[in-house]
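Student: Supplied in structure tokens, the structure appears directly below.
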């Protein structure tokens, strides 16, 4: 029941965000009513509507980390491909977040969570026994770059540009920068 209630609240939040375009314009009462639960039930699971959103994003990020850990990343291209393939599964809810100016929360939450996963992901470009500062810089560079490309793609190209083309475009950008 707990999982189902949380899912109803997430779905209700995204439904309301899609029409209201602002988290501030959504009340707890309205969110609870849309999820067809009592307001008291909402507070049994969450302290705020922001927590509904951050829990959803944290789950997506955690699932992404699991994908990273189980992937056979033989080169950076594999990471770029995995990143865009993974996040493109969630185009609809992420587009809703983007339209509500909330997509940046993924970036902020990723900055907190992905550096800790660095040493648990097998990738040939990882430096073994890296100092924490280097791990943080590497992670922020990769996360920030890929996130911003994804954000731009989601603004309009996602309907016209397939993921494999986005991966190729991104890798071509990196190659041009490397060769200049």
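Numbering (this note's numbering), first residue to last: 151 to 330.
Glycine residues also receive a C-beta, built at the ideal position from the N, C-alpha and C atoms.
1) Report the three-state DSSP secondary structure of residue 271 (helix, strand or coil).
2) So for residue 266, helix, strand or coil by DSSP?
3) How many Å lie between residue 181 and residue 166 at the Cα?
4) Tell me which residues share the same chain as residue 259 and place their Cβ nearer than 8 Å to its Cβ, disregarding the 5 neighbours each side in the sequence.
5) Which one of 200, 284, 253, 299 has the shortest CA to CA distance from residue 175?
6) Between the alpha carbons of residue 156 and residue 215, how many angstroms are there, rounded?
7) Nearest-angstrom Cα distance between residue 268 and residue 329?
Tutor: Let me lay it out:
1) Translated into the one-based positions of the chain shown, residue 271 becomes position 121. In this structure, residue 271 counts as coil in the three-state DSSP scheme.
2) Reading the chain shown from its first residue, position 116 is the one you call residue 266. Correct three-state label for residue 266: helix.
3) If you number the chain shown from 1, residue 181 lands on position 31. If you number the chain shown from 1, residue 166 lands on position 16. Computed Cα separation, rounded: 8 Å.
4) As a working mapping, residue 259 is identified with position 109 in the chain shown. Hits under 8 Å: 204, 207, 208, 211.
5) The sequence position of residue 175 within the chain shown is 25, counting from 1. Among 200, 284, 253, 299, the Cα nearest to that of residue 175 belongs to 200.
6) Within the chain shown, the letter at position 6 stands for residue 156. Within the chain shown, the letter at position 65 stands for residue 215. Each residue's Cα considered, the two are about 22 Å apart.
7) Sequence index remark: in the chain shown, residue 268 carries index 118 (1-based). Sequence index remark: in the chain shown, residue 329 carries index 179 (1-based). If I take the Cα positions, the gap works out to 27 Å.
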